[in-house]
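Taking it in order: structure first as structure tokens, then the write-up.
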Amino acid sequence: MPSPSLPTEQATPLHECLISLGSNIDPDHYFAQALDIIGRECNLLARSKAILTTPVGFQQQPDFLNAALFVSTHLEYEAFRAYLKEVEDRLGRVRGTIKSGPRTMDLDIVAWDGKVVDEGYYQHDYVKTPVDEVLASSGRTLEPAKRS
């Protein structure tokens, strides 16, 4: 007997997303929390190991723990971006006046459906190194960002 399926008009496409994670406030705790939440609420396909990096921008703060996650989701880009900001809020993220200041968790979309959407991938090793590890382990590649 065939399994039931959603009617075509109700089916939503599955999107693939590479996420950059960063934390320098109790990072081991908040990394575990972020992985738990995203692992339960998204389809986690792969993850990198965490790396310790020095702060960029504002220097008077602890080092960061950075990593990357590869997930799939039925949410569209803007909805998924809002979802990640909501996860940051759930993890106690305080957005202060110093944009590059300390944080419990920073979650950014680096690539969406195989296309780079964050120039940070090209500019910062703390983004590129974990993302490249996930790409290698998943057999995926990325299309470059459209540069103006």
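When you read off a place in the sequence shown, starting at 1, and then add 252, the result is the number in the working numbering. C-beta atoms are modelled at their ideal positions from N, C-alpha and C, and glycine is treated no differently.
Exercise. Taking the Cβ atom as the reference point for each residue, do M357 and E338 lie within a distance shorter than 8 Å?
Worked result: no
Problem set entry | Reduced DSSP secondary structure (H/G/I, E/B, other) of A331 | helix
Exercise. Around the C-beta of R292, are 16 or more other C-beta atoms found within 10 angstroms, so that it is buried, or is it exposed?
Worked result: exposed
Problem set entry | Whole-angstrom distance between Q312 and L387, CA atom to CA atom | 32 Å
For this session: Using alpha carbons as the reference points, say which of R342, S275, N295, Y282 lies closest to P314.
Result: S275
Exercise. If we count the other Cβ atoms within 10 Å of its Cβ and call it buried at 16 or more, is R355 buried or exposed?
Worked result: buried
Problem set entry | Reference I271, options D278, A284, R342, L296, closest by Cα | L296
Exercise. In its own chain, which residues sit with a C-beta less than 6 Å from the C-beta of E385, not counting the 5 before and 5 after it?
Worked result: S300
Exercise. When DSSP labels each residue in this structure, what does D377 get in the three-state scheme?
Worked result: helix
For this session: Could you tell me the boundaries of the alpha helix (DSSP H) in which L287 lies?
Result: 279-293
Exercise. Sorted by chain position, which residues of the same chain lie with C-beta nearer than 7 Å to Y329's C-beta, five sequence neighbours on each side aside?
Worked result: W364
For this session: Drop a sphere of 10 angstroms on the beta-carbon of V346, count the other beta-carbons inside from all chains shown, and report buried for 16 or more, exposed for fewer.
Result: exposed
Problem set entry | Reduced DSSP category for S272 - H, G, I as helix; E, B as strand; rest coil | strand
Exercise. Helix or strand or just coil, what does DSSP make of D384?
Worked result: helix
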